[in-house]
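Protein chains: 2
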Amino acid sequence: MTLPYAFRMKTQRRSTPAGGRPLRADAERTVTAILEAAERTLSRDPAATMEQIAEAAGVARTTVHRRFATREALIDALAVWATQRFAAAVDAAHPDTAPPLVALYQTTANVLGVKVGWGFAMSQASSANPEVARVHGDVRETCERLFRRAREAGVLRADVDIPWTRRVYYALIHEAAQNRDEKDTDALATLVVDTLLRGAGTPHPDRL
Amino acid sequence: MTLPYAFRMKTQRRSTPAGGRPLRADAERTVTAILEAAERTLSRDPAATMEQIAEAAGVARTTVHRRFATREALIDALAVWATQRFAAAVDAAHPDTAPPLVALYQTTANVLGVKVGWGFAMSQASSANPEVARVHGDVRETCERLFRRAREAGVLRADVDIPWTRRVYYALIHEAAQNRDEKDTDALATLVVDTLLRGAGTPHPDRL
DNA sequence: ACAACTTGCAACATCAGTGATGCAAGTCCG
DNA sequence: CGGACTTGCATCACTGATGTTGCAAGTTGT
Chain A
12 MTLPYAFRMK
22 TQRRSTPAGG
32 RPLRADAERT
42 VTAILEAAER
52 TLSRDPAATM
62 EQIAEAAGVA
72 RTTVHRRFAT
82 REALIDALAV
92 WATQRFAAAV
102 DAAHPDTAPP
112 LVALYQTTAN
122 VLGVKVGWGF
132 AMSQASSANP
142 EVARVHGDVR
152 ETCERLFRRA
162 REAGVLRADV
172 DIPWTRRVYY
182 ALIHEAAQNR
192 DEKDTDALAT
202 LVVDTLLRGA
212 GTPHPDRL
Chain B
12 MTLPYAFRMK
22 TQRRSTPAGG
32 RPLRADAERT
42 VTAILEAAER
52 TLSRDPAATM
62 EQIAEAAGVA
72 RTTVHRRFAT
82 REALIDALAV
92 WATQRFAAAV
102 DAAHPDTAPP
112 LVALYQTTAN
122 VLGVKVGWGF
132 AMSQASSANP
142 EVARVHGDVR
152 ETCERLFRRA
162 REAGVLRADV
172 DIPWTRRVYY
182 ALIHEAAQNR
192 DEKDTDALAT
202 LVVDTLLRGA
212 GTPHPDRL
């Protein structure tokens with residue numbers, strides 16, 4: 012006896028790459044190629060087709076489906092993959108222990124390193140995946156902690172609103188990651204931090 | 012003789028609201044309701060269905076299709092509608108003639124007034140519609156002209172990169188429009204201009 | 001070498017979304 | 001009032017995307 016197609020569709024799930032035991036070398040390469048192609052393709056068009064992703068990966072569409080049961084599973088895997096790198100990048104900057112300005116610069120540079128090249132995956136912060144959401148939440152708190160430390164140290168003005176400043180900071184990183192024309196990560200990080208701290212105005216404008 | 016359905020699908024187009032002569036009062040109301048519902052619905056989920064939009068407008072899906080031949084036509088009409096308001100808002104601030112700081116503040120406030128409530132429509136800057144694209148291009152140039160004027164007047168530092176500053180400015184407006192918790196447009200404009208000009212740092216940080 | 005695994009291909013099922021249409025009932029406006 | 005317009009409803013046509021399956025051919029690891 013066979014179950015109705017529709018029922019099987021909603022029920023059957025293959026294991027996502029995270030959930031199985033080691034893949035054979037060729038399969039491993041394929042998975043990586045698919046994830047990278049998905050990033051490239053989806054960052055250009057978030058509504059891109061499985062077909063387009065498969066093509067970009069140089070692979071048949073059926074193969075994509077063999078590795079990622081559903082489109083959702085693929086995007087989820089992408090988000091998890093990028094999120095781990097993201098958290099690692101933040102952590103490596105010692106945002107809770109280094110002097111505020113140093114931590115701010117280092118964090119910015121590290122995050123830009125990940126964000127350039129994994130922009131789509133990183134935009135999945137509000138993922139359905141609780142792990143992804145948790146990590147993004149943690150990073151957000153780390154960021155605000157750093158900003159509070161910076162404020163106490165006199166790096167940030169005493170009257171700044173921390174959540175607003177964090178949003179501005181995220182937006183600057185986002186813009187810098189889009190912008191990158193010829194510039195390297197360090198130059199971009201300098202630009203972001205400089206803009207965040209000093210803004211674009213003169214210290215004491217004398218006219219309107 | 013009847014043409015094949017598929018052919019008609021790609022060919023037949025009803026006039027968009029902009030392209031016809033006056034509608035009867037009830038039809039006019041329906042069109043407005045649909046546009047407003049589209050904005051509300053699409054700003055929450057850009058992939059929302061015609062069905063969802065119709066429901067939000069309190070109208071049958073067929074009615075939406077009667078007024079806007081295709082989904083594309085609806086989004087286009089939305090973009091045109093918002094773009095006109097956008098251009099008018101910028102223009103009303105006299106960005107080319109008022110003193111730079113005044114113009115900057117006034118433009119910000121006016122644009123926020125439109126952007127809050129028409130966020131989705133305004134995000135369609137890279138619309139297929141040449142009119143929309145042209146207006147957004149014009150506004151962009153007006154903005155950069157204003158910034159150059161501000162730089163010459165000593166409001167912006169002499170070393171700022173105008174395109175980067177404009178991008179930052181846009182991003183700040185975007186964040187402020189999302190952010191609006193209880194704040195009115197003037198408070199938001201103050202926040203944006205203040206952040207753009209002064210940043211979040213202290214004038215002379217004495218530590219790292 | 002050989003068993004296990006992986007891939008491409010072709011074919012298929014299903015579904016959701018889009019768009020069209022005819023008709024009956026309601027609304028507008030001269 | 002009465003003709004013209006508009007809407008909801010039910011129904012249909014079509015398309016594109018997603019996901020499945022079986023099989024033959026190629027690859028991997030031991």
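Protein chains in written order, with my numbering: chain A, 12 to 219; chain B, 12 to 219. Where is the CB? At the ideal position from N, CA and C, for every residue including glycine.
Shown in chain order are the members of the stretch 113-137 of chain B whose Cβ falls below 8 Å from a Cβ of chain A: 113. The beta carbon of residue 136 of chain A lies closer than 8 Å to those of 143, 144 and 147 in the same chain, with the five residues before and after it left out.
Apart from the 5 residues on each side of it in sequence, residue 90 of chain A sits with its Cβ closer than 8 Å to the Cβ of 132, 135, 138, 140 and 143 in its chain, given in chain order.
Contact of residue 186 of chain B with chain A by beta-carbon distance below 7 Å involves 178, 179 and 182.
For residue 206 of chain A, the C-beta contacts it makes with chain B under 7 Å involve 179 and 210, in order along the chain. Between residue 96 of chain A and residue 189 of chain A, the alpha-carbon positions lie close to 19 Å from each other. Taking a Cβ-Cβ threshold of 8 Å, the residues of chain B close to residue 167 of chain A are 211, 212 and 213, in chain order. Here the alpha carbons of residue 195 of chain B and residue 154 of chain B stand approximately 23 Å from one another.
Under the DSSP definition of a beta bridge, residue 167 of chain B partners with A/212. Going by beta carbons, residue 111 of chain B and residue 65 of chain B fall outside the 7 Å limit. DSSP places residue 79 of chain B outside both helix and strand once states are collapsed to three, so it counts as coil.
Interface residue (Cβ-Cβ distance to chain B less than 7 Å): residue 171 of chain A is classified as such.
Distance check between residue 84 of chain B and each of B/46, B/164, B/109 and B/67 places B/46 closest, using alpha-carbon atoms only.
Residue 58 of chain B counts as exposed, since fewer than 16 other beta carbons sit within 10 angstroms of its beta carbon.
Within the same chain, 104 come within 6 Å of residue 117 of chain B by CB-CB distance, once the 5 residues on both sides are set aside.
Contact between residue 61 of chain A and residue 35 of chain A does not hold, since the beta-carbon distance rounds to 23 Å and is not under 8 Å. Rounded to the nearest angstrom, the Cβ distance from residue 156 of chain A to residue 107 of chain A is 6 Å, consistent with a contact under 8 Å. The Cβ atoms of residue 200 of chain A and residue 123 of chain A lie closer than 7 Å to each other.
By the Cβ neighbour-count rule, residue 73 of chain B is exposed, with fewer than 16 other Cβ atoms within 10 Å of its own.
Comparing alpha carbon positions, the residue from A/40, A/186 and A/164 closest to residue 109 of chain A is A/164. A distance below 6 Å between beta-carbons, with the five flanking residues on each side excluded, links residue 125 of chain B to the following residues of its chain, in chain order: 96, 97 and 100. Less than 7 Å separates the beta-carbon of residue 203 of chain B from that of residue 187 of chain B. Taking 7 Å as the cut-off, the beta carbon of residue 71 of chain B is found no closer than this to the beta carbon of residue 48 of chain B.
Judged by DSSP secondary structure, residue 118 of chain A falls within the alpha helix (DSSP H) whose first and last residues are 111-126. Residues of chain A whose Cβ lies closer than 9 Å to the Cβ of residue 175 of chain B are, in chain order, 186, 187, 190, 202, 206 and 211.
Nearest neighbour of residue 52 of chain B by Cα position, chosen from B/33, B/86, B/121 and B/41, turns out to be B/86. Straight-line spacing of the CA atoms in residue 33 of chain B and residue 42 of chain B works out to 12 Å. In the DSSP assignment, residue 190 of chain B falls within the unbroken alpha helix (DSSP H) covering 173-190.
Annotated three-state conformation of residue 106 of chain B is coil, per DSSP. The straight-line gap separating the alpha-carbon atoms of residue 172 of chain B and residue 180 of chain B is approximately 12 Å. If you draw a straight line from the Cα of residue 94 of chain B to the Cα of residue 129 of chain B, it is about 10 Å long. In the three-state reduction of the DSSP assignment, residue 159 of chain B falls in the helix class.
Per the coordinates, the alpha-carbon of residue 55 of chain B lies some 11 Å from the alpha-carbon of residue 63 of chain B.
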